[in-house]
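Working notes for the structure below.
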Amino acid sequence: MGVTMDGTKHQRRGNTRQRIQDVALELFAEQGYEKTSLREIAECLDVTKAALYYHFKTKEEIIVSLFEDLTKPIEDLIEWGRRQPQTLETRQLIVRRYSEALAGAEPLFRFMQENQATVRELRIGDTFKDRMRGLRDILIDPGAELVDQVRSVSALFTLHAGMFVMQDLEGDPEKKREAVLEVALDLVTQAHEHTRERG
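Using our numbering, read the sequence shown as starting at 141 and increasing by one per residue.
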């Protein structure tokens, strides 16, 4: 495996299936999902269409598989969160780990943002909404005041905003990610402290 790739791609270069996913996503991003054909993806990878077919029969299959692979950490996080005590530490850890999962899935989320019609057709959006609800339910204290429930949910959207809205602002991407994470952590901390004062 070449060391020329940056760290994140480096891990995902291991097998053909992942290489197909990565290259397809790059092509979809560059020239649009509709305009990209399986043949082009195969050419870019320097494999035959038959080799590509062995892994994926359609473009839809590529996107759905990418979505499932890259959002698996979010699903695991929800499962883990449901088993934890409902403490501030747990909630802060969930926000931290969600921030990492988002960073890992960034190209996919950018695709989702820019190809909303495709996302609707493939029903990826529904699955993503379910995952968001799952996260919401483990972050929110049902006994908290509404304003604190909003704070907790806003922590998630702060991380999303960090991914999309802050993207083209000047500055080091890592520093931006840390700043966004800090604000998200502040929100869950505030929500928790308010609830404790009331209780």
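Glycine residues also receive a C-beta, built at the ideal position from the N, C-alpha and C atoms. Keep in mind the model is a prediction, meaning the values are calculated, not measured.
Excluding residues up to 5 positions away in sequence, R276 lie with their Cβ nearer than 6 Å to the Cβ of V293 in the same chain.
If you draw a 10 Å sphere on the C-beta of D270, you find fewer than 16 other C-beta atoms in it, and that means exposed. Here the alpha carbons of D281 and E337 stand approximately 14 Å from one another. Distance from the CA of A284 to the CA of T335, rounded to the nearest whole angstrom, comes to 6 Å. In the DSSP assignment, M303 falls within the alpha helix (DSSP H) that extends over 286-304. Taking one beta carbon from each stretch, the region 294-314 and the region 206-216 have fewer than 3 pairs nearer than 8 Å; the two do not touch. Between L248 and P225, the alpha-carbon positions lie close to 32 Å from each other.
Distance from the Cα of A257 is smallest, within the candidate group T156, Q158, E174, for E174. Between the region 175-192 and the region 227-247 there are fewer than three inter-stretch CB-CB distances shorter than 8 Å, so the stretches are not counted as touching. Distance from the CA atom of I203 to the CA atom of Q161, rounded to whole angstroms, is 8 Å.
Going by DSSP, Y173 is part of no alpha helix (DSSP H) at all; its letter is neither H nor E.
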